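Enquirer:
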RNA sequence: GUGGGCGUAGCUCAGCUGGUAGAGCACUCGGUUGUGGUCCGAGAUGUCGCGGGUUCGAGCCCCGUCGUUCACCCCA
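In the numbering used here, the protein residues as written are 22 to 441.
(1) May I have a chain-ordered list of the beta strand (DSSP E) segments no shorter than 3 residues that lie completely inside the segment 283 to 340?
(2) Specify the secondary structure class of residue 254 as computed by DSSP and reduced to three states.
(3) Do residue 52 and residue 319 have their C-beta atoms closer together than 8 Å?
(4) Tell me which same chain residues have a C-beta within less than 8 Å of the C-beta of residue 247, skipping the five on either side of it?
(5) I need the boundaries of the alpha helix (DSSP H) containing residue 172, first residue and last residue.
(6) Confirm, please, whether the CB-CB distance from residue 315 to residue 117 is below 8 Å.
(7) Considering only residues of the same chain and omitting the five flanking positions on each side of residue 92, which have a CB-CB separation below 7 Å?
(8) Cutting at 7 Å between CB atoms, please list the residues of its own chain near residue 424, excluding the five before and the five after it.
(9) Counting only runs that start and end within the segment 368 to 422, where is the beta strand (DSSP E) found for 3 or more residues in a row?
(10) Using a threshold of 7 Å, is the CB atom of residue 75 nearer than that to any non-hydrogen atom of the ligand ZN?
(11) What separation, rounded to the nearest whole angstrom, lies between the Cα atoms of residue 393 and residue 377?
(12) Cβ atoms of residue 96 and residue 90: under 8 Å apart, would you say?
(13) Exposed or buried, what is residue 165 when buried is set at 16 or more other beta-carbons lying within 10 Å of its beta-carbon?
(14) Rounded to the nearest angstrom, how far is the Cβ of residue 180 from that of residue 253, given a contact under 8 Å?
(15) Can you pull the DSSP bridge partners for residue 96?
(16) Count Cβ pairs between the segment 319 to 334 and the segment 39 to 56 that sit closer than 8 Å; are there 3 or more?
(17) My output table needs one value for residue 352: the three-state DSSP class, helix, strand or coil.
(18) Just to confirm my understanding: we take residue 155, look at its own chain, exclude 5 residues before and 5 after, and list those with CB closer than 7 Å. What are they?
(19) Taking 8 Å as the cut-off, does the segment 233 to 248 touch the segment 194 to 206 (at least 3 CB pairs, one atom from each stretch)?
(20) Would you call residue 282 buried or exposed, if buried means 16 or more other Cβ atoms sit within 10 Å of its Cβ?
(21) Quick check on DSSP: helix, strand or coil for residue 124?
(22) Out of 408, 399 and 86, point me to the one whose CA is closest to residue 419's CA.
(23) Measure how close the beta-carbons of residue 76 and residue 226 come, nearest whole angstrom, since I'm counting them as under 8 Å.
(24) With distances taken from CA atoms, which of 86, 113 and 110 is nearest residue 100?
(25) Report the three-state DSSP secondary structure of residue 193 (helix, strand or coil).
(26) Where does residue 262 sit, in a helix, a strand or coil, going by DSSP?
(27) Looking at residue 375 and residue 348, is the spacing between their C-beta atoms short of 8 Å?
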């Protein structure tokens, strides 16, 4: 085997590609129903957009970006996340000049040069949305509810929603001072110390027992929220409760992108191993302005399709059987082949899923093929059928055959009783 | 970037203490004339990841390398 896909990319092919499609559509449907509008965005952007937007000190920017120079000497980067690019599009085309909030959604692949792992790929797929220009806590709740509806549409049940508030700039600054003071008093190894210097909140998320223990008495950001932030967060919770969306407050929830402020959330699946976050998002107060837009707040999420699929498979809620065809046509002989080509074209034009058998397979083998492809009905066309003008259409599940005239076939199949 | 596991037919894997490879599934054909799902029969398929070493002899041992996988970091 000479060529293989680049390291860390996931490819989806039958039959799993069908489940992938289903998961993606399930996540997308609630977004569309809430009035969010599609934006198709480039997979690469000017590098600076990400260093400015995502945060120059984040791991994502410092060591996980696919960056290269294009032929004109510009520094280009494959998008490591979706929000910044979506906002760039909104700002560039003035979508935020009309009625607010602007509500957009998108889906596609993202790239991060990390060491691959279960549920973590160098190219991964996400469905995301952004709502720009409203501070209303009801919007926070809507965004969370949409994600939750997507997971439910897939059929997932073994996940939980964790939320917290990162507060506003002042809340954070005050907390950071005390947290740094606390961390300075700890004995940490060099790399952990370095991480703490970049973002002290990270230590809350450390998986090592000894670090967790050290952090149990650390000052919690929630205790430092300004009155405004606290009441906003309280409203979000109230709306979620009213909508009967289960959640828990994780005061130690940390996200890897620097732009988050206020409401922040994560959906965590319990059957996924180390990479258990299937989706997450939050509010970002300064981001629009940071990348050259109006000073508008915004909120959004990114839902990992790969991980949602993994979760669906772990829960056994994906059924990949619906990739069958309505009608399988088996031609016997040259004249029949021509007839089949014409017929399949007509039937496909009227919306049916039609497959035909290619090559000169023995009839028996052609029947097997139809069966394996999940054909609901099979039609055999040979010399006698062409001569008599009558064909038998066989229902595979019952084995029963019905006689229909060739000329009325298209019309007959369009009827209610033949719900192809 | 750091650490552990694994690399044998398309897939899942077996191969005992070293003697030049096997199963199941899948695939193709057949079980008398143009009808599938079960059953039976036949058949094709491997540079045993790659390179070196030890040995009379290596899929099995040693070294390296690449790939893969899981975990840390980080995150969807």
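Backbone N, C-alpha and C define an ideal beta-carbon position, used for all residues, glycine too.
Here the structure is a predicted model, which is why all the values come from computation and not from measurement.
Expert: A quick look at the data gives this:
(1) 298 to 304 and 319 to 325
(2) Here residue 254 is taken as the residue at index 233 of the first chain, counted from 1. Residue state, collapsed to three classes: helix.
(3) If you number the first chain from 1, residue 52 lands on position 31. If you number the first chain from 1, residue 319 lands on position 298. Result no, Cβ atoms of residue 52 and residue 319 do not sit closer than 8 Å.
(4) Here the question's residue 247 lines up with position 226 in the first chain. 188, 189, 191 and 192, listed in sequence order.
(5) For the purposes of this step, residue 172 is taken as residue 151 along the first chain, with counting starting at 1. Counting along the chain, the alpha helix (DSSP H) containing residue 172 begins and ends at 158 to 175.
(6) If you number the first chain from 1, residue 117 lands on position 96. If you number the first chain from 1, residue 315 lands on position 294. Yes, the Cβ-Cβ distance between residue 117 and residue 315 is below 8 Å.
(7) The residue given as residue 92 occupies position 71 in the first chain. Same-chain partners within the cutoff: there are none.
(8) Mapped onto the first chain, residue 424 falls at position 403. Answer for residue 424: 411 and 413, listed in chain order.
(9) 375 to 377, 398 to 402 and 411 to 416
(10) In terms of ligand content, the structure shown is empty, and the ligand ZN therefore cannot be addressed.
(11) Numbered from its first residue, the first chain carries residue 393 at position 372. Numbered from its first residue, the first chain carries residue 377 at position 356. If I take the Cα positions, the gap works out to 13 Å.
(12) By 1-based counting over the first chain, the position of residue 90 is 69. By 1-based counting over the first chain, the position of residue 96 is 75. Their beta carbons are under 8 Å apart, which means residue 90 touches residue 96 by this criterion.
(13) The residue given as residue 165 occupies position 144 in the first chain. Residue 165 is classed as buried because its beta carbon has at least 16 other beta carbons within 10 Å across all chains shown.
(14) Stepping through the first chain from its first residue, residue 180 is reached at position 159. Stepping through the first chain from its first residue, residue 253 is reached at position 232. Actually they are not in contact, since the Cβ atoms of residue 180 and residue 253 sit about 25 Å apart, beyond 8 Å.
(15) The count along the first chain starts at 1 and reaches residue 96 at position 75. Bridge partners of residue 96: 90.
(16) As far as the Cβ criterion goes, the segment 319 to 334 touches the segment 39 to 56, which means the pair count is three or higher.
(17) Locating residue 352 in the first chain gives position 331, counting from the first residue. Strand at residue 352.
(18) Counting from 1 along the first chain, the entry for residue 155 is found at position 134. Within the same chain, residue 155 has close Cβ partners 121 and 122.
(19) yes
(20) Against the first chain, residue 282 aligns to sequence position 261. It is buried - the Cβ of residue 282 has at least 16 other Cβ atoms within 10 Å.
(21) One-based indexing of the first chain puts residue 124 at position 103. Residue 124: strand per DSSP, three-state reduction.
(22) Locating residue 419 in the first chain gives position 398, where the first residue counts as 1. Nearest C-alpha to residue 419: 399.
(23) As a working note, residue 76 is residue 55 in the first chain. As a working note, residue 226 is residue 205 in the first chain. Not quite, the Cβ-Cβ distance comes to about 16 Å (not below 8 Å), so this is no contact.
(24) As a working note, residue 100 is residue 79 in the first chain. With distances taken between Cα atoms, residue 100 lies closest to 86.
(25) Looking up residue 193 in the first chain gives position 172. Helix, per DSSP.
(26) Position 241 of the first chain, counting from 1, holds the residue named residue 262. Reduced to three states, the DSSP call for residue 262 is helix.
(27) One-based indexing of the first chain puts residue 348 at position 327. One-based indexing of the first chain puts residue 375 at position 354. In this structure, residue 375 lies closer than 8 Å to residue 348 by Cβ.
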